[in-house]
Amino acid sequence: MLSYIVSRLLQSLVLLLLVSIIGFAVLNLAPGGPLSQYALTPGMTQETMDRIAHQMGLDRPLPIQYLDWIWRLLQGDWGKSYRDQLPVLQIISSHLFATLLLMGTSMVISIAVGTWIGVRGATKRYSIFDYTATVGAMVALSIPTFWFGLVAIYVFALRLKWLPAGNMYTVGDGSFMDYATHLILPSLVLALVDIAVWSRYMRTATLDVINQDFVRTARAKGLSERAVLMTHVLRNALIPMITLAGLQLPTILGGALVTETVFTWPGMGRLFLDSLGYHDYPVVMGLLMFSAILVLVGSLIADILVAFVDPRVRLG
Amino acid sequence: MSSVTIPSPATASEETHWWKSRTLRRFMRHRLAVIGVAMITILVLSCVFGPYLLPYDELFIDLRARFAPPLTGYHIFGTDPLGRDIAARLFNAGRISLLVGFFAMLMSTALGTLIGIIAGYRGGLTGAILMRIVDAFLSFPSIFLLLALAAFIKPSPFMITVIIALTSWMEVARIVNAEIRSIRERDFVLAARSLGYRNSTIMLKELLPNAIGPIIVAGTLTVARAILLEAYVSFLGYGIQPPLPSWGNMLNGAQQYLDRAPWLAIVPGVAITLAVTSFNFIGDGLRDALDARSDLE
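Residue numbers (the numbering used here), protein chains in the order written: chain A, -7 to 308; chain B, 784 to 1080.
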């Protein structure tokens, strides 16, 4: 087990290294590179630019600059926002809660609904339910998340007036119910794609398990169909789903960005877009790196969890 | 025709015909895929010819006809906040969005195939490094990467296509890599190698044709993905720039008029969903049709 975790950890570190190289390359693609902010200042001369470049160490060879950048990143120095001079890491962490709340709720919804649809589709294979779920999942994967959000706002907030059209809470309220009502629409919108993916994989995983010998044995013992399904089938079918949950993280995070924009949700996605609008590159870069690290850590946790539940993984 | 026929060279061509029609028959049996082909045909035809049939230009501004709801006079889909005809904009936008989707697919499939084939054939350290790069790209939420790149470059339809391709080649690379790995030790590859063929010849002439099925399927699904990604970046204001219309940027201003003019949001959104759904259906049908094993089930 320990050797599995160590080797998996090393893999993640290699990936992190590659991710940081891609991130650094993107940073240097910016027009004028990291200096672009100063280039816009009126009355800026080439001489002053060169001096600033020298002060920031931008006249050194790229590999040295990269090592310097990554060293400061590791020490928690992610630079300062151009906009309000606050440390990037501090700004990101102040927006982290909102995004995690949205993503967490949406994941719980999609896992619950997706599991139900998938298992039902597998046990009633080729039924009308199964067919509808298959087609529905493909359509759901094709609907642009932001557009679905707009339609949801139009129907449930503007026409029916059941739910608020945006924001995380009402100013001056902020009770639990207030948060909850604000959370419903965006988390459902974000969950749509994930429900589709989850139910498809769950159907396949259930079909894989349902015909195996131990399920037949359980039935032969005289267990009720429900008991067979809950304790024998579901438990085994859910194992590959842990890996899937890890793999889906980048999609959910990307979806959160769009959903937050439509619902003016004060999370990392909105921060990313606002920073893009202000050409606040340190924050943009910080968020890009932060989201990749979040994804890497997520899939690492998923893989370790799988190894804990499934001995085949750590021994094979 | 007599009942007894002598086998002639025609039999060979008949045989390929028969094989072809079997794939085709499998595809035609996939009802959703056929619907997808029909919908794409209609969409493409209306985007190509639609603008010539409409009485309005997509850039014609008529401030007296602002916010006309659908079916007002000749405005079948209504008008936007500047009084421009939405139908005319929708068809012209479709040309851009579909072209961006198609060319992004070509670029990303070419790039993904190249990386996948080299990684799969070389294996070893080269293969491992290449596939870890694929993993690293997959660690970024593609919309974040896409937006960061789009904000740094000068947005033009060509550059948008390039950066969409740059963020969506990884799936193809993975699929091709797996496919090549499974066949690279087969006898015909060894035979080609012992005949002294160059590596590039083996990769292009021997290995690539064997992986073409999965590549076509992945390519079709990539069109769907690229159309969606274009819609996302353009909706957020970093993709195709007005006055050039695209399905994504038509939705850009729709949210603020959602209450007053919901058709501004509904019409382009339906077009995007139809196009993307169709390509996903077609991809699914091709997967069944190109997989010879699907007949056995």
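Backbone N, C-alpha and C define an ideal beta-carbon position, used for all residues, glycine too. Fair warning: this is a prediction, and the values are worked out from it, not measured in the lab.
If you look at B:R967, you'll find it isn't in any alpha helix (DSSP H); DSSP assigns it neither H nor E. With distances taken between CA atoms, B:A956 lies nearest to B:T1005 out of B:T944, B:S939, B:T1005, B:E968.
Here A:W154 is exposed: its Cβ has fewer than 16 other Cβ atoms, across all protein chains shown, within 10 Å.
In the three-state DSSP reduction, B:P834 falls in the helix class (H, G or I). For B:R915, the enclosing alpha helix (DSSP H) begins and ends at 907 to 922.
Rounded to the nearest whole angstrom, the C-alpha separation of A:S283 and B:Y980 is 45 angstroms.
Boundaries of the alpha helix (DSSP H) harbouring A:A129: 120 to 134, taken from the DSSP string.
Residue state for B:P938 is assigned as coil, using DSSP reduced to three classes. When secondary structure is reduced to three states using DSSP, A:D272 falls in the coil class, being assigned neither helix nor strand. Taking C-beta atoms as the reference points, A:M160 and A:P258 count as a pair closer than 7 angstroms. Cβ-Cβ separation between B:M888 and B:L921: approximately 18 angstroms, too far for a contact (criterion under 8 angstroms).
Of all residues in the stretch 1047 to 1062 of chain B, the ones placed with a Cβ closer than 7 angstroms to any Cβ belonging to chain A are A1048, G1052, I1055, T1056, V1059, T1060, in chain order. For the pair A:S86 and B:G1020, the Cα-to-Cα distance works out to about 25 angstroms.
Only residues of its own chain outside the window of five on either side were considered, and among them R0 have a CB closer than 6 angstroms to the CB of A:D295, listed in chain order. The stretch 864 to 871 of chain B makes no contact with the stretch 917 to 937 of chain B, as fewer than three CB pairs between them are under 8 angstroms. Nearest CB-CB separation between A:G246 and chain B: below the 7 angstroms threshold.
About 6 angstroms separates the beta carbon of B:Y904 from that of B:L990, a gap short enough to meet the 8 angstroms contact definition. In this structure, the alpha-carbon of A:Y58 lies about 26 angstroms from that of A:G246. Using a Cβ distance threshold of 7 angstroms, B:V1000 and B:L908 do not count as a contacting pair. The bridge partners DSSP lists for B:D868 are B:T862. Using a Cβ-Cβ cut-off of 7 angstroms, B:S891 does not count as an interface residue toward chain A, since no Cβ of chain A sits closer than that to its own. A:I135 belongs to the set of residues whose beta carbon lies under 7 angstroms from a beta carbon in chain B.
Non-local beta-carbon contacts of A:V80 in its own chain, meaning distances under 7 angstroms to residues more than five positions away in sequence, involve W70, G71, K72, S73, P274, V275, G278 in chain order. Distance from the CA of B:N875 to the CA of B:S1029, rounded to the nearest whole angstrom, comes to 7 angstroms. Cβ contact annotation for A:T97 (same chain, cutoff 6 angstroms, sequence separation greater than five): L175, S179, in chain order.
For B:P1025, there is no enclosing alpha helix (DSSP H), as DSSP marks it with neither H nor E.
Annotation for B:F886: T944 place their beta carbon closer than 6 angstroms to its own, counting only its chain and skipping 5 residues before and after. Within chain B, no residue has its beta carbon less than 8 angstroms from that of A:A188; the closest one is some 11 angstroms off.
With the criterion set as a beta carbon lying under 9 angstroms from some beta carbon of chain B, the stretch 41 to 58 of chain A has no members that meet it.
Only G247, A248, L249, V250, T253, V254, G261 from the stretch 247 to 261 of chain A bring a Cβ to less than 9 angstroms from some Cβ of chain B. In terms of beta-carbon proximity, A:S(-1) stays away from the interface with chain B, with every pair separated by 7 angstroms or more.
Only exposed fits A:A212, as fewer than 16 other CB atoms lie within 10 angstroms of its CB. Taking 7 angstroms as the CB threshold, B:P1026 stays off the interface with chain A.
Looking only at A:G113, A:V298, A:P53, A:L(-6), the smallest Cα-Cα distance to A:I202 is reached by A:G113. Annotation: A:W190 to B:P834 spans about 41 angstroms, alpha carbon to alpha carbon. In chain A, no part has a C-beta under 7 angstroms from the C-beta of B:A961; the shortest such distance is about 16 angstroms.
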